[in-house]
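Engineer: Mind looking over this structure? Questions follow.
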Amino acid sequence: MYPFLPKKAWAIQKPGSDSLYYLFHSTVDNPPDFTESHFLYYSVIDISTNNGLGEVISKNNIAITDIMNGGKIAATKHGNGRDWWIVNHKAYSNKFYVSLLTPNGVVQNNSYDTGPLLTYFDISEGQSEFSPDGSLFAMAYNTHNSVYLFDFDRCSGIISYRDSVHIIPNDANEWPVWGCTFSPNSRYLYANTNNDLIQFDTWSPTLTAGMKMVGQHSGSTKYFFRNRLGPDGKIYGVSWGSELTMNVINNPDDNDTLCNFVQDQQQLVSYHGT
Numbered sequence: 002m003y004p005f006l007p008k009k010a011w012a013i014q015k016p017g018s019d020s021l022y023y024l025f026h027s028t029v030d031n032p033p034d035f036t037e038s039h040f041l042y043y044s045v046i047d048i049s050t051n052n053g054l055g056e057v058i059s060k061n062n063i064a065i066t067d068i069m070n071g072g073k074i075a076a077t078k079h080g081n082g083r084d085w086w087i088v089n090h091k092a093y094s095n096k097f098y099v100s101l102l103t104p105n106g107v108v109q110n111n112s113y114d115t116g117p118l119l120t121y122f123d124i125s126e127g128q129s130e131f132s133p134d135g136s137l138f139a140m141a142y143n144t145h146n147s148v149y150l151f152d153f154d155r156c157s158g159i160i161s162y163r164d165s166v167h168i169i170p171n172d173a174n175e176w177p178v179w180g181c182t183f184s185p186n187s188r189y190l191y192a193n194t195n196n197d198l199i200q201f202d203t204w205s206p207t208l209t210a211g212m213k214m215v216g217q218h219s220g221s222t223k224y225f226f227r228n229r230l231g232p233d234g235k236i237y238g239v240s241w242g243s244e245l246t247m248n249v250i251n252n253p254d255d256n257d258t259l260c261n262f263v264q265d266q267q268q269l270v271s272y273h274g275t
C-alpha cells in the first residue's frame, strides 16, 4: 500500500444557481495504508462574492458517515438534465451509496448491494469513472487486478452489476490495474496496468470477449498510472510519478489500435504529479 491515493473531489454547480457550487470531498483515513474514507463531506462555495474570488459559505457538511473506498468519488448528471448523482463505494463490501444533488441541496442518500464482495485485499489504488452518457460506471482496483463494470439508471439512480474481468500480468514487472476511463461515445472502456493499455468493447457479450491490447509502455518515461477524458474528446494519461509529458489516446471512439495511442505525446510546461 502507498500513501498517495487520489484525494478526489468533485465541484458541481448547484442546480438552478448561477453562483453556488457544491464541493464533494472525503477524508483519507487508516494510516499508513490511507485506503479508507470515513466521511464524505460537501462544502458550498459562492463564486460571486469576495470581489470575484469566491467564498466558502458552508464548510464540511457530512453527507455520508461510513468506511468508504478512499478517493473514489464519481458523479454524473440526472436523466432530467438538471440534478446530479454522486456515487461512493463502501469498503469491504458490495454496497454503493448514491446521493442526489438538487436545487434543494443533497436530498437523497440511497444504497444498493450489487456485484462482487470486495474484501480487504480489494481496497487500494484505482479509479472510478462514469461513461459520458451516464449509463455505465466502472471501477479499476489494483489489489484485485480487476475491472468492474456496472449499469446505471440516470433517472432512478439504481446501480447494477454487469461484469468484471481479472487482468493477468504479462510478466513479473507488471503492476496491477491503476486507471480506467470511457471513450466519448461511451462504448469503449480503457484500463491500464503500469505497462499495458487495454480497450474493452462494452457492446461485447462480456468484458473478456471485447478485450484488446492497444498500447504498451515503451520504457522511455515512468509507468502508466491514470487516465481522464479531456474536453477535446481525447483521453490523457499521467505517469506514475512526475513527468513533462502525458500519454494520449487520440481517437478513443475507434476500435482496437485505430484508437491511436501515443505515449508522451502531450508536452507540458511543468511537471505533473500523481
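Just so it is clear: in the sequence shown, position 229 is 230 by the working numbering, and no numbers are missing. A virtual CB, placed ideally from N, CA and C, is assigned to each residue, including glycine.
Between the C-alpha atoms of D84 and P206, what's the straight-line distance to the nearest angstrom?
Structural biologist: Going from the Cα of D84 to the Cα of P206 covers about 32 Å.
Engineer: Between S44, A192, D254 and S100, which lies nearest to Y149 when the distance is taken from Cα to Cα?
Structural biologist: Y149 has its Cα closest to that of A192, out of S44, A192, D254 and S100.
Engineer: Using the beta-carbon count (16 or more within 10 Å), is D123 buried or exposed?
Structural biologist: With a pLDDT of 48 at D123, under the threshold of 50, the predicted position of this residue should be treated as unreliable, and no value is reported.
Engineer: Just checking my contact of I236 with K213 at CB under 8 Å: how many whole Å lie between their CB atoms?
Structural biologist: Between K213 and I236 the Cβ distance is about 15 Å, and since that is not below 8 Å, they are no contact.
Engineer: Could you tell me whether the Cβ atoms of V239 and N228 are closer together than 9 Å?
Structural biologist: Against a cut-off of 9 Å, the Cβ pair of N228 and V239 comes out as a contact.
Engineer: Can you tell me which of the three DSSP states C260 falls into?
Structural biologist: Three-state result, C260: helix.
Engineer: The beta strand (DSSP E) spanning R229 covers which residue range?
Structural biologist: Counting along the chain, the beta strand (DSSP E) containing R229 begins and ends at F225 to L230.
Engineer: Are there three or more Cβ pairs, one per stretch, closer than 8 Å when the stretch 154–162 is compared with the stretch 104–119?
Structural biologist: The answer is yes - the stretch 104–119 touches the stretch 154–162, with three or more Cβ pairs under 8 Å.
Engineer: Would you mind sorting L21 into buried or exposed? The rule is 16 or more other CB atoms within 10 Å of its CB.
Structural biologist: By the 10 Å Cβ count, L21 comes out buried.
Engineer: Once the 5 residues before and after G55 are set aside, which same chain residues still bring their CB inside 6 Å of it?
Structural biologist: Result list for G55: I46 and I48, in chain order.
Engineer: According to the neighbour-count rule (16 or more other Cβ atoms, all chains shown, within 10 Å of its Cβ), is P232 buried or exposed?
Structural biologist: By the 10 Å Cβ count, P232 comes out exposed.
Engineer: Taking buried to mean at least 16 other C-beta atoms within 10 Å of its own C-beta, is V29 buried or exposed?
Structural biologist: Flag for V29 reads buried.
Engineer: Give me the Cα-Cα distance between A12 and Y23, rounded to the nearest whole angstrom.
Structural biologist: Their backbone Cα atoms lie some 6 Å apart in a straight line.
Engineer: Return the CA-CA distance between L41 and G71, expressed in angstroms with no decimal places.
Structural biologist: Those two C-alpha atoms are separated by around 10 Å.
Engineer: What does N281 pair with, by DSSP beta-bridge criteria?
Structural biologist: Residue 281 lies beyond the residue range present for the chain, which begins at 2 and ends at 275; the question has no answer from this structure.
Engineer: Is the beta carbon of F225 less than 9 Å from the beta carbon of T194?
Structural biologist: Yes, they are a contact pair.
Engineer: Could you have a look at G180 and say whether DSSP puts it in helix, strand or coil?
Structural biologist: DSSP places G180 in strand when its eight states are reduced to three.
Engineer: Comparing C-alpha positions only, which one of T36, T209, G17 and F201 sits nearest to S132?
Structural biologist: S132 has its Cα closest to that of F201, out of T36, T209, G17 and F201.
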